[in-house]
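Sequential numbering from 10 applies to the sequence shown in the working numbering.
A virtual CB, placed ideally from N, CA and C, is assigned to each residue, including glycine.
Predicted, not measured: the structure shown is a model, and the values here were computed from it.
Here the structure comes first, spelled out in structure tokens, and everything after it is commentary.
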Amino acid sequence: MSDEYLSRGYLTTEELKEIVEIPSEERLKKKPVAVPECPQEIPCTPCAEICPVGAISMPTPNDRPIVDYEKCIGCSLCVQICPGLAFFMIHYRGEVARITMPHELLPIPKRGDEVVLLNRRGEEVGVGKVVLVIPKEKSVGDTPVVTVEVPLNLAWEVRAIRVKEAGE
Ligand code: SF4
Ligand code: SF4
Numbered sequence: 010m011s012d013e014y015l016s017r018g019y020l021t022t023e024e025l026k027e028i029v030e031i032p033s034e035e036r037l038k039k040k041p042v043a044v045p046e047c048p049q050e051i052p053c054t055p056c057a058e059i060c061p062v063g064a065i066s067m068p069t070p071n072d073r074p075i076v077d078y079e080k081c082i083g084c085s086l087c088v089q090i091c092p093g094l095a096f097f098m099i100h101y102r103g104e105v106a107r108i109t110m111p112h113e114l115l116p117i118p119k120r121g122d123e124v125v126l127l128n129r130r131g132e133e134v135g136v137g138k139v140v141l142v143i144p145k146e147k148s149v150g151d152t153p154v155v156t157v158e159v160p161l162n163l164a165w166e167v168r169a170i171r172v173k174e175a176g177e
């Protein structure tokens with residue numbers, strides 16, 4: 010993969026597919042599964058260290074993390090601990106997908122809130138509903154984590170949210 014993403018500041022979905030194998034549709038329907046969007050080969054290992062089932066392999070600290078999707082139990086600890094905000098969980102549920110993502114911007118949404126969905130470029134692509142919030146105090150990495158229900162066709166696009174302003 011070229012290193013254009015460094016100056017651009019985000020990965021495209023196509024670039025993501027060059028660095029990780031996307032879980033099968035069958036696996037995505039079974040339960041939440043963690044997918045690292047971590048292209049840089051830098052010495053960083055918290056995700057692999059915290060995984061309770063040893064699902065994240067990284068032969069050397071400089072290697073990109075690889076998840077064994079069959080081992081992953083969807084606990085979200087890797088999402089909570091990653092300092093690069095690079096881990097996400099995806100779960101297909103019929104016509105929607107649930108995306109679990111780090112959310113460091115304030116305000117933190119509440120469960121049930123309708124929020125604006127953003128793609129990797131930060132562009133608004135629709136609206137979704139918050140179904141779970143792990144606040145900073147309960148996150149192992151001090152990073153709040155939210156799970157948002159999005160239209161299924163946006164499962165590989167939505168990677169951030171914006172809380173709606175009053176009256177929006
Ligand atoms: S979600 Fe939990 S089980 Fe799955 S890779 Fe992350 S830390 Fe491991
Ligand atoms: S903790 Fe995050 S930044 Fe570090 S290797 Fe794991 S996914 Fe990449």
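(request) Determine the extent of the alpha helix (DSSP H) in which Arg17 is found, giving its start and end residues. (result) Stepping through the sequence shown from its first residue, residue 17 is reached at position 8. Per DSSP, Arg17 belongs to the alpha helix (DSSP H) from 13-17.
(request) Compare the C-alpha of Glu104 against each of Ala164, Thr21, Ala169, Lys26 and name the closest. (result) The residue you call residue 104 lines up with position 95 of the sequence shown. Comparing Cα-Cα distances from Glu104 to each of Ala164, Thr21, Ala169, Lys26, the minimum goes to Ala164.
(request) Using a threshold of 7 Å, state whether the C-beta atoms of Leu127 and Ala95 are closer than that. (result) Taking the first residue of the sequence shown as 1, we reach residue 127 at position 118. Taking the first residue of the sequence shown as 1, we reach residue 95 at position 86. Not closer than 7 Å, so no.
(message) Quick check on DSSP: helix, strand or coil for Ala57?
(response) On the sequence shown, position 48 is the one that residue 57 refers to. Three-state DSSP puts Ala57 in a helix.
(request) Taking all protein chains shown into account, decide if Gln115 is buried (16 or more other Cβ within 10 angstroms of its Cβ) or exposed. (result) On the sequence shown, position 106 is the one that residue 115 refers to. One detail in the question is off: residue 115 reads as Leu in this sequence, not Gln. Exposed, by the Cβ-count rule.
(message) Tell me the rounded alpha-carbon separation between Gln49 and Arg73.
(response) Translated into positions along the sequence shown, residue 49 becomes position 40. Translated into positions along the sequence shown, residue 73 becomes position 64. Answer to the nearest angstrom: the Cα atoms are 7 Å apart.
(request) Confirm the yes/no value for this check: CB of Gly83, any heavy atom of ligand 1, distance under 6 Å. (result) Counting from one through the sequence shown, the residue named residue 83 turns up at place 74. Yes, ligand 1 has a heavy atom inside 6 Å of this Cβ.
(message) I want to see whether chain C comes within less than 7 Å of Thr109, judged by CB atoms only; does it?
(response) Of the chains in the structure shown, none is chain C; there is only one protein chain.
(request) Verify whether the separation of the beta carbon atoms of Pro153 and Tyr78 is less than 7 Å. (result) In the sequence shown, residue 153 corresponds to position 144, counting from 1. In the sequence shown, residue 78 corresponds to position 69, counting from 1. No, the pair does not count as a contact, with Cβ atoms beyond the cut-off.
(request) Indicate, with yes or no, if ligand 2 has a heavy atom lying under 6 Å from the CB of Cys60. (result) On the sequence shown, position 51 is the one that residue 60 refers to. No; taking the cut-off as 6 Å, the Cβ of Cys60 has no heavy atom of ligand 2 nearer than that.
(message) Considering just the uninterrupted stretch of the beta strand (DSSP E) at Ile99, what are its terminal residues?
(response) Residue mapping note: residue 99 aligns to position 90 of the sequence shown, counting from 1. 96-102 is the span of the beta strand (DSSP E), which, as asked, contains Ile99.
(message) To the nearest angstrom, how far is the alpha carbon of Val29 from that of Lys173?
(response) Residue numbering aside, residue 29 sits at position 20 when the sequence shown is read from its first letter. Residue numbering aside, residue 173 sits at position 164 when the sequence shown is read from its first letter. Taking the straight line joining both Cα atoms gives about 32 Å.
(request) Could you name the residues of the same chain whose beta carbon sits closer than 6 Å to that of Pro144, not counting the 5 residues immediately before and after it, in chain order? (result) The count along the sequence shown starts at 1 and reaches residue 144 at position 135. Cβ contact annotation for Pro144 (same chain, cutoff 6 Å, sequence separation greater than five): Pro153, in chain order.
(message) Can you tell me whether Ala106 sits near ligand 1, meaning its C-beta is under 6 Å from at least one heavy atom of the ligand?
(response) Taking the first residue of the sequence shown as 1, we reach residue 106 at position 97. Not under cutoff, so the answer is no.
(request) Using only the heavy atoms of ligand 1, determine whether one of them is closer than 6 Å to the beta carbon of Ile28. (result) By 1-based counting over the sequence shown, the position of residue 28 is 19. Result no, Cβ not under 6 Å from ligand 1.
(message) Beta-carbon within less than 8 Å of Lys119's beta-carbon, same chain only, minus the 5 sequence neighbours each way: which residues are those?
(response) Counting from 1 along the sequence shown, the entry for residue 119 is found at position 110. Correct list, in chain order: Val139, Val142.
(request) Take Val125 and list the residues in its own chain whose beta-carbon comes closer than 7 Å to its own, dropping the five residues that flank it on each side. (result) Locating residue 125 in the sequence shown gives position 116, counting from the first residue. Excluding sequence neighbours, Val125 sits near Glu133, Val136, Ile170, Arg171, Lys173.
(message) Using CA atoms only, rank isn't needed, just tell me which of Arg129, Cys87, Arg107 is closest to Ile57.
(response) By one-based count along the sequence shown, residue 57 stands at place 48. One detail in the question is off: residue 57 reads as Ala in this sequence, not Ile. When each option's Cα is compared against that of Ala57, the closest is Cys87.
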